[in-house]
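Note that this note's numbering has the sequence shown beginning at 11, numbered continuously upward.
Even glycine gets a Cβ: it sits at the ideal position worked out from N, Cα and C.
A short write-up of the structure that comes next.
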Amino acid sequence: MDKLTIDDVDLKEKRVLVRVDFNVPIENGKVTDDTRIRAALPTIQKILQSNAKLILMSHLGRPKGGPDPKYSLMPAATRLTELLGKDVEMAPDCVGSDVEAMVNARQPGQVLMLENLRFHKEEEKNDPEFAKQLAALGDMYVNDAFGSAHRAHASTEGVAKILKTAAVAGYLMKAELTALGKLLTGAQMPFVVILGGAKVSDKIQIIKNLVTRASHLLVGGGMAYTFLKAQGREIGKSLVEVEHLVTATNLMTVVAYSNPRKPVKMELPVDHVIGSNIEGTDALEHPQIDIPADKLAGDIGPQTIKNFSMILAQAKTVLWNGPMGVFEKEPFAKGTMAIAAAVAEATGRGAFTVVGGGDSVAALSKSGLTNKISHVSTGGGASLEFLGGQDLPGVEALTKAPKKT
Ligand code: AMP
11 MDKLTIDDVD LKEKRVLVRV DFNVPIENGK VTDDTRIRAA LPTIQKILQS
61 NAKLILMSHL GRPKGGPDPK YSLMPAATRL TELLGKDVEM APDCVGSDVE
111 AMVNARQPGQ VLMLENLRFH KEEEKNDPEF AKQLAALGDM YVNDAFGSAH
161 RAHASTEGVA KILKTAAVAG YLMKAELTAL GKLLTGAQMP FVVILGGAKV
211 SDKIQIIKNL VTRASHLLVG GGMAYTFLKA QGREIGKSLV EVEHLVTATN
261 LMTVVAYSNP RKPVKMELPV DHVIGSNIEG TDALEHPQID IPADKLAGDI
311 GPQTIKNFSM ILAQAKTVLW NGPMGVFEKE PFAKGTMAIA AAVAEATGRG
361 AFTVVGGGDS VAALSKSGLT NKISHVSTGG GASLEFLGGQ DLPGVEALTK
411 APKKT
């Protein structure tokens with residue numbers, strides 16, 4: 011990683027403005043899943059131990075560009091107070107003279123949480139004046155919100171550009187960039203990429219970028235049926251992106267010619283779990299590739315699980331993004347759970363394994379195997395863009411580390 015991190019700078023007594031991702035689920039004023047808050051704790055603790063003044067900022071949900079108590083970050087501040095065992099004061103807004111006064115009254119070791127950035131529509135517009143107001147609150151900027159780094163917003167890019175000599179990555183950001191970066195440069199072979207989920211269109215870039223780096227591409231989930239249809243298979247009522255049939259054909263050509271001496275091997279489902287509806291009320295195993303006209307495929311079948319698992323058993327590096335079926339419904343969950351187990355087993359054998367994307371992370375958590383994975387990425391869209399070879403504005407804007415001589 012060629013960016014400075016919080017380990018490279020002197021934080022003592024500085025006002026440290028930190029972009030975190032506290033976009034957490036809230037019900038009846040209480041945080042129902044604090045994973046994202048916990049993920050930011052190493053950075054928060056490091057800053058507090060350095061005797062700095064900590065100012066946290068985040069977005070939450072999609073308010074309509076004005077204050078709305080439903081989207082207040084107060085419940086997140088309360089949860090953080092509990093986790094830190096230390097008072098986290100809540101500001102009434104994220105910019106303005108009252109907030110500046112609160113920031114400037116901070117003592118080293120104290121924490122202030124700014125109110126939801128998206129109460130100002132200028133945040134998502136990356137408005138320079140708004141970014142300047144945010145930047146006035148810190149001597150130093152830390153970005154620990156990898157999940158928002160693919161967006162050029164005021165709090166992710168604008169501020170970093172203003173505080174450019176002191177804009178550094180937090181530990182979560184560093185962990186994400188290091189783990190995902192390892193997949194792009196220097197992944198140990200065999201490198202198996204498992205892709206699933208609903209849409210081919212979301213995964214075009216990642217396929218194109220990883221095709222020359224991976225040894226195997228295992229495709230399951232809804233997106234597999236666009237590929238199968240493009241191959242001329244019968245897919246019944248299964249999910250298909252008709253407008254991407256040509257894309258799928260092109261991608262298969264790219265895959266076939268990826269490396270003439272050692273082309274990446276692409277595997278599609280050879281059997282399925284099918285049913286008349288997406289609920290799986292009459293789901294049954296279907297031991298053939300072609301699917302009857304009145305049925306849809308909701309999961310990969312047992313032979314496909316076996317094929318994918320055998321390939322995973324040899325893997326030294328694994329990336330998994332997207333479930334193998336409609337895992338939210340029990341009758342269609344087996345494929346995803348089996349792949350979660352095979353990836354966890356690979357980790358146990360010493361492979362470097364990465365799982366990304368909201369739904370695969372949820373499936374992993376359902377399987378109870380989250381801590382058996384080398385790295386679970388917190389950023390769905392951001393990880394897809396990064397692995398697709400795109401620069402992330404929130405990362406690009408951080409201060410470059412001096413070149414090692
Ligand atoms: P994505 O956000 O693209 O990762 O897609 C995740 C969603 O894809 C989940 O909600 C799954 O239920 C859905 N999905 C996975 N496999 C299928 C399938 N065979 N048919 C329809 N939906 C699917």
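Considering only the alpha carbon of each residue, which of the options lies closest to residue i?
i      : options                        : result
Val371 : Trp330, Glu395, Phe362, Tyr81  : Trp330
Gly311 : Val274, Leu255, Val229         : Val229
Lys171 : Lys184, Ala49, Pro138          : Pro138
Ala361 : Lys344, Asn269, Ala323, Ala350 : Ala323
Gly206 : Leu394, Ala185, Ala86, Ala115  : Leu394
Gly290 : Arg48, Ile301, Leu306          : Leu306
Arg46  : Leu238, Pro35, Thr15           : Pro35
Ala404 : Lys184, Glu295, Asp17, Glu110  : This sequence places Gly at residue 404; Ala is not what is there. If we check each option's Cα against that of Gly404, Lys184 comes out closest.
Lys275 : Ala224, Ser286, Pro333, Lys96  : Ala224
Leu51  : Asp292, Ala411, Lys96, Pro79   : Lys96
Gly285 : Glu340, Arg89, Leu124, Leu90   : Glu340
Asp12  : Lys239, Leu187, Thr388         : Leu187
Lys74  : Met233, Pro273, Glu132, Ala407 : Glu132
Ala86  : His254, Val41, Arg25           : Val41
Under 8 Å, do residue i and residue j count as touching if we go by C-beta distance?
i      : j      : result
Pro279 : Thr314 : yes
Ala141 : Ala164 : yes
Leu27  : Tyr151 : yes
Phe342 : Asp309 : yes
His259 : Ile214 : Inspection of the sequence shows that residue 259 is occupied by Thr rather than by His. Against a cut-off of 8 Å, the Cβ pair of Ile214 and Thr259 comes out as no contact.
Pro77  : Phe129 : yes
Ile54  : Leu64  : yes
Lys316 : Met199 : no
Ile204 : Ile349 : yes
Val265 : Val336 : no
Asp281 : Pro297 : yes
Phe32  : Ser82  : no
Leu173 : Gly148 : yes
Asp154 : Arg29  : yes
Ala145 : Val169 : yes
Gly367 : Gly332 : yes
Val202 : Ile16  : no
Lys247 : Asp304 : yes
Gln59  : Val105 : no
Val210 : His254 : yes
Per the DSSP calculation, residue i is bridged to which residue(s)?
i      : result
Tyr151 : Leu27, Ala177
Glu37  : Lys40
Lys410 : Lys13
Val250 : None; Val250 has no bridge partner.
Leu227 : Val203, Met276
Met334 : DSSP lists no partner for Met334.
Glu295 : Val283
Ala49  : Answer by DSSP bridge pairing: none, since Ala49 is not bridged.
Glu134 : None, per the DSSP bridge assignment.
Glu99  : Leu122
Thr363 : Val328
His385 : Val364
Met67  : Arg29
Tell me which same chain residues have a C-beta within less than 6 Å of the C-beta of residue i, skipping the five on either side of it?
i      : result
Thr363 : Val328, Val353, Ala356, Thr357, Ile383, Ser384
Gly8   : This structure does not reach residue 8, given that the chain is present from 11 up to 415, and the question cannot be answered.
Ala176 : Met150
Arg243 : Ile299, Asp300
Leu249 : Gly232, Tyr235
Examine the ligand AMP and report whether any of its heavy atoms sits within less than 7 Å of the Cβ of residue i.
i      : result
Glu338 : yes
Gly246 : no
Leu379 : no
Lys344 : no
Gly206 : yes
Asp300 : no
Pro333 : yes
Leu64  : no
Gly389 : no
Ala224 : no
Gly308 : yes
Asp369 : yes
Leu212 : Residue identity check: residue 212 is Asp in the sequence provided, not Leu. True, at least one ligand heavy atom lies under 7 Å from that Cβ.
Gly196 : no
Lys209 : yes
Gly290 : no
Leu249 : yes
Gly232 : yes
Using a Cβ cut-off of 8 Å (strictly closer), state whether residue i contacts chain C.
i     : result
Val41 : Protein chain content of the structure displayed is limited to a single chain, and chain C is not contained in it.
Beta-carbon within less than 7 Å of residue i's beta-carbon, same chain only, minus the 5 sequence neighbours each way: which residues are those?
i      : result
Asp108 : Pro102
Val19  : Met150, Ala176, Val178
Asn136 : Ala162, His163, Ala164, Glu167, Gly168
Going by beta carbon distance, what residues of the same chain come within less than 8 Å of residue i, once the five residues before and after it are set aside?
i      : result
Pro118 : Lys22, Glu23, Asn61, Ala62, Lys63
Ala111 : none
Leu294 : Val283, Ile284, Gly285
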